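Reviewing the structure listed below.
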Amino acid sequence: MSSNHLQLLIVEDDHDLASAVIDYLALEDIHCDHVANGVACLQMIEKTDYDVIILDINLPRMNGLDVCEKLREQGLETPIIMLTALDSLSDKLAGFSRGADDYLIKPFAMEELIARTIALSKRRSAQNTKLTIADLTIDVQKKTVNRAGQSVLLSPISFKILEVLMRESPNPVTREQLMYKIWGEEQPDSNSLKVHMFNLRQRVDQGHQKKLIKTVVKQGFVISEGDVS
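The sequence shown lines up with residues 0 to 228 when you count with numbering that gives the first Met the number 0.
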């Protein structure tokens, strides 16, 4: 079962359960960040674009239902799997009404969590096949890039980098995040990303007055129409 280097966030105040989930997901090549309360979840979402969020209902500071509702109000479309010890229909309906995509009852089998996670991530990926920023558009399914009406030819690695930057925009992507999303655990030499970024800038921005790919000091890279600090 391919996970294609998914990046997840688990929001769970049971540290033993969270650690077990993180360790199991790592075996499937899925990276997982962890926070233990609802407020910390909202802060993490501001910084990182996750493929799936695993969200416990009973959390300190802000419960999972309120967190889910707030994320949806903010326009976040990331799939959310709710975790709960409650197995009543009313509790499930409450989660779905707040914007949850799926539900898992504790205790659950790790294999089921993996299967649901990958299914949700694939659904999201299929829904977002075209990404556009300014006059730059990529078609993720067809692997094509277009800038100001002109086709842009990219290598497979450059295309992956561009896709990550566009999915994360307007947030910057750190060098570490970018390298993990592209190469996973098998990291290339330290100059590889630098070379690919140079080639990507040449292909996407050369000949255009407005430069879209920018370096953010001490943060990484971003694709943005406006200026960055």
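Note that CB positions come from ideal geometry on N, CA and C, so glycine has one too.
Predicted model only: the values in this text are computed from it and were never measured.
For residue i, tell me which candidate among the options has the shortest Cα-Cα distance.
i	options	result
Lys121	Val215, Tyr49, Thr131	Tyr49
Arg97	Glu184, Ile56, Ile132	Ile56
Cys40	Ser18, Tyr23, Leu64	Leu64
Asp12	Met61, Asp28, Val51, Thr47	Met61
Lys69	Gln149, Trp182, Gly94, Gln208	Gly94
Leu161	Ile212, Pro106, Val20, Glu175	Ile212
Arg115	Ile80, Trp182, Asp22, Asn198	Ile80
Gln218	Asp226, Gln176, Pro59, Thr83	Gln176
Gln42	Leu8, Ala133, His14, Leu199	Leu8
Pro155	Gly148, Asn170, Leu199, Gly183	Leu199
Glu111	Glu27, Gln201, Thr128	Glu27
Lys142	Ala133, Phe158, Gln205, Asp15	Phe158
Pro169	Asp86, Leu88, Asp226, Gln208	Asp226
His207	Ala17, Lys193, Asp90, Gly148	Gly148
Asn190	Met178, Gly183, Gln201, Leu58	Met178
Lys46	Leu58, Asp32, Pro59	Asp32
Ala17	Arg174, Lys105, Thr214, Leu192	Lys105
Provide the residue(s) that pair with residue i in DSSP beta bridges, ordered along the chain.
i	result
Thr131	Thr136
Thr214	Phe220
His14	Looking at the DSSP assignment, His14 forms no beta bridge with any residue, so it has no partner.
Gln6	His30
Gln149	Arg146
Val172	Phe220
Would you call residue i buried or exposed, if buried means 16 or more other Cβ atoms sit within 10 Å of its Cβ?
i	result
Lys210	exposed
Val34	buried
Gly37	buried
Ser1	Because the pLDDT at Ser1 is just 45, under 50, the model does not fix this residue reliably, and the value given afterwards should be weighed accordingly. It counts as exposed.
Phe197	exposed
Lys180	buried
Glu167	buried
Thr83	buried
Ala99	buried
His30	buried
His195	buried
Ala108	exposed
Ser87	exposed
Ala25	exposed
Pro187	exposed
Val203	buried
Leu92	exposed
Val216	exposed
Thr59	First, the amino acid is wrong: residue 59 is Pro here, not Thr. Answer is exposed; the Cβ neighbour count stays below 16.
Pro78	buried
Can you round the beta-carbon distance between residue i and residue j to whole angstroms, since I take them to be within the 8 Å contact cut?
i	j	result
Arg146	Leu164	Contact doesn't hold; Cβ gap of about 14 Å is too wide.
Val151	Val221	With 8 Å as the limit, Val151 and Val221 do not qualify as a contact, their Cβ atoms being about 19 Å apart.
Asn5	Val51	For clarity, residue 5 is Leu in the given sequence; the question names Asn instead. At roughly 7 Å, the Cβ-Cβ gap stays under 8 Å, so Leu5 and Val51 are in contact.
Leu54	Val10	5 Å
Arg153	Val139	One detail in the question is off: residue 153 reads as Leu in this sequence, not Arg. Between Val139 and Leu153 the Cβ distance is about 12 Å, and since that is not below 8 Å, they are no contact.
Ile44	Leu75	7 Å
Asp101	Leu119	6 Å
Ala133	Glu224	5 Å
Mind listing, in chain order, the continuous alpha helix (DSSP H) runs of no fewer than 4 residues lying wholly within the region 47 to 122? 63 to 72, 88 to 97
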